[in-house]
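Student:
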Amino acid sequence: MRTKSINKSEILAIHNFLRDAIYHFRVMNCNPDELIVSLPNWLQQLLTSYPMTNYLDHSLAMILEHSRYFDVKIQYHYSDEVVVFFKDYHLNPIFFKPVIHTINFEKEENRKES
């Protein structure tokens with residue numbers, strides 16, 4: 083079985099993506115209860131089980147434990163993507179289309195060098 087590995091810079095990229103996506107929807111006058119953040123199950127487990135020493139990573143883990151991210155409900159899935167979407171995006175799919183971040187994994191040769 084091949085394991086996946088992400089580094090701290092990718093966790094920071096995910097955090098920045100989430101902040102920017104939520105801000106983008108709020109600029110369109112979407113309330114936090116109208117939005118959903120969808121994260122991979124394994125990411126939630128990783129961050130809550132093994133919080134890294136960096137304050138940002140620890141605060142992410144604390145947010146995820148409460149199933150909310152900046153007051154937006156979190157739901158979990160099995161894909162390797164982070165998605166922020168408007169619950170009723172079908173009302174205007176062009177204007178309210180989901181925002182997706184595909185997680186970048188460390189390459190196997192990079193992990194061996196570390």
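Taken in order, the sequence shown gives residues 83 to 196; the numbers are from our numbering.
Backbone N, C-alpha and C fix where the C-beta goes; we use that ideal spot for every residue, glycine too.
Is the beta carbon of L117 less than 8 Å from the beta carbon of F187?
Tutor: Cβ distance not < 8 Å, so L117 and F187 don't count as in contact.
Student: Can you tell me where the alpha helix (DSSP H) holding S91 begins and where it ends?
Tutor: Element bounds for S91: K90 to V109.
Student: If you draw a straight line from the C-alpha of V165 to the C-alpha of V109, how long is it?
Tutor: So the alpha carbons of these two residues sit roughly 18 Å apart.
Student: What does a CB cutoff of less than 8 Å around N123 pick up in its chain, not counting 5 residues either side in sequence?
Tutor: Closer than 8 Å at the Cβ level, and outside the excluded window around N123, lie Y158, H159 and Y160.
Student: Below 8 Å on the Cβ atoms is my contact criterion, and I expect E163 with I176 to pass it. Report the Cβ-Cβ distance as a whole number of Å.
Tutor: Their Cβ separation, rounded to whole angstroms, is 20 Å, which puts E163 and I176 out of contact at 8 Å.
Student: Let me know if M83 comes out buried or exposed under the rule of 16 or more other beta-carbons within 10 Å of its beta-carbon.
Tutor: Because the pLDDT of M83 is 43, which lies under 50, any placement of that residue in the model is unreliable, and the number read from its coordinates should be weighed accordingly. With fewer than 16 Cβ atoms within 10 Å of its Cβ, M83 is classed as exposed.
Student: Could you pull out every residue in the same chain whose Cβ sits closer than 6 Å to the Cβ of Q127, ignoring the five residues on either side in sequence?
Tutor: If we look at Q127 and ignore the five residues flanking it on each side, it has no Cβ neighbours.
Student: Alpha carbon to alpha carbon, what distance is there between V119 and F99?
Tutor: Looking at the two C-alpha atoms, the distance is approximately 11 Å.
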